[in-house]
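Going by numbering that gives the first Met the number 0, 126 is the number at position 127 of the sequence shown; the sequence numbering is gapless.
Backbone N, C-alpha and C define an ideal beta-carbon position, used for all residues, glycine too.
The structure presented is a predicted model; accordingly, all values stated were derived computationally and were not measured.
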Amino acid sequence: MARDFALLIAAALALIAWLAWQVQRDDASSDAMQAGELLASAPAEFRRVTGPRAFEFPADHAAHPGFRNEWWYFTGNLETPEGKLLGFQFTLFRFELEPGPRPQSAWASDTVWMAHLALSDIQSRTFHQAQRFARGALGLAGADTHRWWLRDWTVERVGDRFELSASTPDFDLDLTLVPQKPIVLQGDAGYSRKGPEPGNASYYYSITRLGVEGAVRVDQREWPVSGLAWLDREWGSSQLAADLAGWDWFSLQLDDGRDLMVYRLRTQDGEASRFSAGKLVDPDGNARTLGPEEFTATPQRQWRDPQGHRWPVAWTVEVPSEDLKLEVEARFDEQRWTGAVDYWEGAVSVRDAGTGESVGRGYLELSGYAE
């Protein structure tokens, strides 16, 4: 069936304009999207994630047209030679507006791209954030096997490493990220269920530990940095079940070489969904799946933002089979995104619950608390 390319362009531009307008509001949270809204039900014509598939690399580093949502997600903890601590996030989101054949014209697009860039300055307790938007036409944004970009914010895959470069008026990132462990397929061989219905799932893989070297510019000064990062890749359509209110996601890198990812899907009554899950990766890169009965994540402290929303920024995470009981807490509370999508994403400390000693570092993502 022929498609109305002009209508598609208008729809894409309208969505970009709406998102950009949100950024200009003094109180972006009042009308900002909740992260879960981006993963809610989609028209049936979109491709669905209904079972395991064979992953192929580097092909699966590229975009997957036909699925409504997709993202490329780096987070990490950095340190300067002087001991200054920083957290960073670079995320590229792809949103398909309409299912069906792709437009053939270079000017036409049925896809909107959004990028989020953040830097958490731990000592000054300052959260720097920037976001950009583009339609998927004329090379403005995209993702192939060797490059992910939105305008001049880029990640290039060169050999076995990733080169990340992004600049804003307030801060810049210029980082080289080298995987220290192999790719981990989350869930059931990369098939990650999020609910009971067909399509309540995503394809999901991670690189749980990347060494980082590079430079960060902030407060009109450039700092050499090193540290560890985490990469998440996920795509699907209608991932979340209708009864879910949000999620709590932890990516923790322990000093003993283990990496732990757990996500707690929350139902509308605040309970953990039976589709919550996790992954434990040992120092050699061997991974095992954690079912919802194998871990707990219990909030211990809330931060109240200026709009009155309460975000749980301190947690106890337990994995009894691994003899893990961890106290996970925000490096500082004010690491909330206030742009077009409303969520909390920030650097966290990780301590042994028994001794209080630092045993690692990580990132925490909270969604669904600003409604």
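Alpha carbon of residue i to alpha carbon of residue j, nearest angstrom
i: GLU95; j: ASN68; result: 7 angstroms
i: ALA214; j: SER119; result: 14 angstroms
i: ALA188; j: GLY75; result: 25 angstroms
i: GLY158; j: HIS145; result: 9 angstroms
i: ARG216; j: ALA241; result: 42 angstroms
i: TRP222; j: GLN122; result: 14 angstroms
i: ALA58; j: ASP143; result: 8 angstroms
i: GLY345; j: GLY86; result: 7 angstroms
i: TYR342; j: GLN219; result: 28 angstroms
i: TYR262; j: GLY235; result: 17 angstroms
i: PRO197; j: GLY355; result: 43 angstroms
i: ARG134; j: LEU149; result: 9 angstroms
i: SER272; j: TRP248; result: 13 angstroms
i: PHE161; j: GLU155; result: 6 angstroms
i: THR79; j: ASP171; result: 15 angstroms
i: ALA313; j: LEU137; result: 44 angstroms
i: TRP246; j: THR266; result: 9 angstroms
i: PHE389; j: ALA117; result: The requested residue 389 does not occur in the structure, where the chain is confined to residues 0 to 370.
i: ALA286; j: TYR204; result: 12 angstroms
i: THR153; j: GLU44; result: 31 angstroms
i: ALA352; j: LEU243; result: 29 angstroms
i: LEU239; j: THR297; result: 22 angstroms
i: ASP109; j: PRO311; result: 37 angstroms
i: TRP70; j: ASN199; result: 17 angstroms
i: GLU81; j: MET260; result: 30 angstroms
i: GLU97; j: LEU139; result: 19 angstroms
i: PHE126; j: PRO168; result: 14 angstroms
Of the listed residues the options, nearest to residue i (C-alpha basis)
i: SER250; options: ASP169, ALA228, SER366; result: ALA228
i: GLY256; options: GLN179, GLY307, GLN219; result: GLN179
i: PRO181; options: SER164, LEU137, ASP231, ARG150; result: ASP231
i: VAL340; options: PHE331, SER357, SER366; result: SER366
i: LEU253; options: GLY135, THR125, ARG360, ASP143; result: ARG360
i: GLU326; options: VAL358, LYS83, GLY269; result: VAL358
i: VAL349; options: ARG208, ARG192, LEU323; result: LEU323
i: LEU163; options: TYR72, LEU139, ARG134, GLY353; result: TYR72
i: TYR190; options: GLU97, ALA244, PRO80, PHE274; result: PHE274
i: PRO282; options: ARG208, TYR203, PHE54; result: ARG208
i: GLN130; options: ALA313, THR337, GLY194, LYS193; result: THR337
i: PHE54; options: THR167, VAL183, ASP351; result: VAL183
i: LYS83; options: VAL224, PHE126, PRO168, ASN285; result: VAL224
i: ALA165; options: MET260, ARG192, GLN128, SER201; result: GLN128
i: ARG192; options: ALA352, THR49, GLU44; result: THR49
i: GLY202; options: ASP169, SER237, GLU44; result: According to the sequence as given, residue 202 is Tyr; it is not Gly. Of ASP169, SER237, GLU44, the residue nearest in Cα terms is SER237.
i: ARG335; options: GLY284, GLN306, ASP258, GLU97; result: GLN306
i: ILE206; options: ASP351, GLU233, PRO195; result: GLU233
i: HIS60; options: GLU81, TRP147, PRO168; result: TRP147
Backbone secondary structure at residue i - three-state DSSP
i: HIS63; result: coil
i: SER320; result: helix
i: ALA228; result: strand
i: ALA352; result: coil
i: ARG133; result: Sequence check: residue 133 is Ala here, not Arg. ALA133: strand per DSSP, three-state reduction.
i: PRO197; result: coil
i: GLU155; result: strand
i: ALA114; result: strand
i: ALA369; result: coil
i: GLU293; result: helix
i: ALA313; result: strand
i: ALA188; result: coil
i: ALA142; result: strand
i: ALA58; result: helix
i: MET260; result: strand
i: ASN285; result: coil
i: ILE206; result: strand
i: VAL48; result: coil
i: ASP171; result: strand
i: SER28; result: Residue confidence is low: SER28 scores 38 on pLDDT, short of 50, so the model does not pin down where it sits. Its coordinate-derived value is still stated next. The answer is helix: DSSP assigns SER28 an H, G or I state.
i: GLN267; result: coil
i: GLN334; result: coil
i: PHE87; result: strand
i: TYR362; result: strand
i: LEU77; result: strand
Pair within 8 angstroms by beta-carbon distance, residue i and residue j
i: ALA329; j: VAL347; result: yes
i: ARG300; j: ARG309; result: no
i: GLY186; j: ALA62; result: no
i: LEU264; j: GLY277; result: no
i: GLY226; j: LEU77; result: yes
i: ARG52; j: GLY65; result: no
i: ARG124; j: GLU270; result: no
heavy atom of the ligand MG below 7 angstroms from residue i C-beta
i: GLN128; result: Only the bare structure without any ligand can be found here, which leaves the ligand MG out of the picture.
Can you find at least 3 beta carbon pairs, one from the stretch 78–94 and one from the stretch 110–128, that sit closer than 8 angstroms?
-> yes
Pair every Cβ in the stretch 169–178 with every Cβ in the stretch 202–214, then say whether three or more of these pairs are closer than 8 angstroms.
-> yes
Could you tell me whether the stretch 289–298 touches the stretch 308–319, using the rule of 3 or more Cβ pairs below 8 angstroms?
-> yes
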